[in-house]
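Enquirer: What the sequence shown shows, in my numbering, is residues 38 to 301, in sequence order.
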Amino acid sequence: MGVSRIPLIAGNWKMNLDHLQAIATVQKLGWTLQEGRHSHGADGAEVVVFPPFTDLRSVQTLVSADKLDIRYGAQDLSAHDSGAYTGEISGAFLKALECRYVLVGHSERREYHGESDEVCAQKVAAALRHGLVPVLCVGETAEDLEAHGAAAVPVSQLRAVLQTLTGEPELVVAYEPVWAIGSGQAATSEQAQTVAAALRATIREVLGDAVADATRILYGGSVKSGNIAGFMREPDLDGALVGGASLDATEFAAIARFQKHVGV
Numbered sequence: 038m039g040v041s042r043i044p045l046i047a048g049n050w051k052m053n054l055d056h057l058q059a060i061a062t063v064q065k066l067g068w069t070l071q072e073g074r075h076s077h078g079a080d081g082a083e084v085v086v087f088p089p090f091t092d093l094r095s096v097q098t099l100v101s102a103d104k105l106d107i108r109y110g111a112q113d114l115s116a117h118d119s120g121a122y123t124g125e126i127s128g129a130f131l132k133a134l135e136c137r138y139v140l141v142g143h144s145e146r147r148e149y150h151g152e153s154d155e156v157c158a159q160k161v162a163a164a165l166r167h168g169l170v171p172v173l174c175v176g177e178t179a180e181d182l183e184a185h186g187a188a189a190v191p192v193s194q195l196r197a198v199l200q201t202l203t204g205e206p207e208l209v210v211a212y213e214p215v216w217a218i219g220s221g222q223a224a225t226s227e228q229a230q231t232v233a234a235a236l237r238a239t240i241r242e243v244l245g246d247a248v249a250d251a252t253r254i255l256y257g258g259s260v261k262s263g264n265i266a267g268f269m270r271e272p273d274l275d276g277a278l279v280g281g282a283s284l285d286a287t288e289f290a291a292i293a294r295f296q297k298h299v300g301v
């Protein structure tokens, strides 16, 4: 109770925007956030984008050259550090590009690439080995929701990873109900809070109070500037993982700027 966590507003671009479009989007996002800063005072949220791999070097160069207050990460990484793994990307490569974060276990990776909880655990371990902060995605399908309720599958997915960790690792958990992603129909803030509270309780049980209190839990699934306020009023929600809306720099900045403004 009463623990202060820096809000995190993250944009997952998925397989959208080439490197030139990425430059334009990040420039516009940076300028829009800066305008908001001048108009409304100091901001408190951390803003992160997750571009495709081919954009990362361009984003790194731009963020560094223009001193933009934007962080970036990768959409995936290999469980392996190096070797004969064609098409895979090592966490060491991402760290060399000064990535701060990396997504692990997004529902599209789980569904389309068959990534199991075991694979996700291996990738979380790889991220931590290379000094990256894994953003572990968990969430239930519509079928899971009907059969087991909202929290059962996300908690199971989280527990499978947490049980492989030791100490006080830094990680972020993103709760994304699969039925809400891209549907235009978000979960209610009350639904998201119920699951987020169960996720935090699981972290507390497995890794202790310090990690549970420090870990940021995000909501993802049809997030937009018009509904972010409700989510950010909930005590166990610390930000959002934004999909389609993050491709529009103005809309994404509105989500991030609103969050920072209300001081929740």
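Here a beta-carbon is modelled for each residue, glycine too, at the ideal position from N, C-alpha and C.
Our contact map puts Val96 next to Val139 with C-beta atoms below 8 Å; I'd like the distance itself, whole angstroms only.
Expert: Incorrect: roughly 14 Å between the Cβ atoms, too far for contact.
Enquirer: Should His77 be labelled buried (16 or more other beta-carbon atoms within 10 Å of its own) or exposed?
Expert: Unreliable positioning characterises His77 in this predicted model, as indicated by a pLDDT of 42, which lies under 50. A coordinate reading is not provided.
Enquirer: Taking buried to mean at least 16 other C-beta atoms within 10 Å of its own C-beta, is Gly186 buried or exposed?
Expert: When all chains shown are included, Gly186 counts as exposed.
Enquirer: So for Gly204, helix, strand or coil by DSSP?
Expert: Coil, per DSSP.
Enquirer: Look up Glu72 in the DSSP assignment and say whether it is helix, strand or coil.
Expert: Correct three-state label for Glu72: helix.
Enquirer: What separation, rounded to the nearest whole angstrom, lies between the Cα atoms of Leu54 and Leu202?
Expert: Their Cα atoms are separated by approximately 35 Å.
Enquirer: Give me the Cα-Cα distance between Pro191 and Asp118, rounded to the nearest whole angstrom.
Expert: Using only the alpha carbons, I get a separation of about 28 Å.
Enquirer: What I want to know is whether the C-beta of Gly168 ends up closer than 8 Å to one or more non-hydrogen atoms of the ligand HEM.
Expert: In the structure on display, the ligand HEM does not appear, and there are no ligands present to speak of.
Enquirer: Alpha carbon to alpha carbon, how far is Gly263 from Tyr122?
Expert: Rounded to the nearest angstrom, the two C-alpha atoms are 43 Å apart.
Enquirer: Considering only residues of the region 133-211, which uninterrupted beta strand (DSSP E) runs meet the minimum length of 3 residues and lie entirely inside it, listed in chain order?
Expert: Listed in chain order, the complete beta strand (DSSP E) runs (minimum 3 residues) inside the region 133-211 are 138-141, 170-175.
Enquirer: What span of residues does the beta strand (DSSP E) with Ile254 cover, start to end?
Expert: Element bounds for Ile254: 253-257.
Enquirer: Among residues of its own chain, excluding the 5 on either side of Glu152, which ones have a beta-carbon nearer than 7 Å to its beta-carbon?
Expert: Taken in chain order, the residues that qualify are Gly142, Arg146.
Enquirer: If we count the other Cβ atoms within 10 Å of its Cβ and call it buried at 16 or more, is Met269 buried or exposed?
Expert: So Met269 counts as buried.
Enquirer: What do you reckon, are the CB atoms on Ala282 and Gly48 nearer than 9 Å?
Expert: Yes, the pair counts as a contact, with Cβ atoms nearer than the cut-off.
Enquirer: Is it right to say Arg237 is buried, meaning 16 or more other beta carbons lie within 10 angstroms of its own, or is it exposed?
Expert: Result: buried.
Enquirer: Here's a check: name, in chain order, each residue in its chain whose Cβ is nearer than 7 Å to the Cβ of Val232, leaving out the five neighbours to either side.
Expert: Only Ala187, Ala188, Pro191, Tyr212 meet the Cβ criterion.
Enquirer: Evaluate Gly276 with the Cβ neighbour count: other Cβ atoms within 10 Å of its Cβ, from every protein chain shown; 16 or more gives buried, anything less gives exposed.
Expert: So Gly276 counts as buried.
Enquirer: Cα separation between Pro88 and Ser226?
Expert: In a straight line, the C-alpha of Pro88 is about 27 Å away from that of Ser226.
Enquirer: Quick check on DSSP: helix, strand or coil for Asp276?
Expert: Inspection of the sequence shows that residue 276 is occupied by Gly rather than by Asp. Here Gly276 sits in strand by DSSP.
Enquirer: Which two residues bound the contiguous beta strand (DSSP E) that contains Ile126?
Expert: Neither: Ile126 is in no beta strand (DSSP E) and is coded neither H nor E.
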